[in-house]
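Inspection log for the structure reproduced underneath, given as structure tokens.
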């Protein structure tokens with residue numbers, strides 16, 4: 413079972429990965445937000461390295477479609 417620090421680290425990794433793949437597509441945060449039906453502020457907070465913001469499974473599926481990246485890539489860790 414993950415302790416709080418390990419959990420936060422993995423959640424932060426998800427946001428950083430989403431930001432990485434978004435930038436690879438050259439989408440702006442606003443464009444991605446519109447595509448998946450959330451606010452630009454939410455995308456910004458999701459990608460921020462110092463804010464713990466955990467996306468829902470439903471949102472991960474929308475992000476998968478919008479970014480063309482399998483959802484498991486957002487969740488994958490170095491140990492996987």
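Residue numbers (our numbering): 413 to 492. Built from N, CA and C at the ideal position, the CB exists for glycine as well.
Practice task
Specify, as a first and last residue, the run of the alpha helix (DSSP H) that residue 456 falls within.
Solution key: 452-459
Handout entry: Proximity of residue 428 and residue 478 at Cβ, strictly below 9 Å
Key = no
Exercise for the section: Return the chain-ordered list of same chain residues with a C-beta closer than 6 Å to the C-beta of residue 441, the five sequence neighbours on each side being excluded. Expected result: Closer than 6 Å at the Cβ level, and outside the excluded window around residue 441, lie 452, 455, 456.
Problem - Reduced DSSP secondary structure (H/G/I, E/B, other) of residue 448 - result: helix
Handout entry: residue 450 to residue 487 span [Cα, whole Å]
Key = 20 Å
Handout entry: Neighbour flag for residue 444 against chain B, beta carbons, 9 Å
Key = Included in the structure is just one protein chain, with no chain B present.
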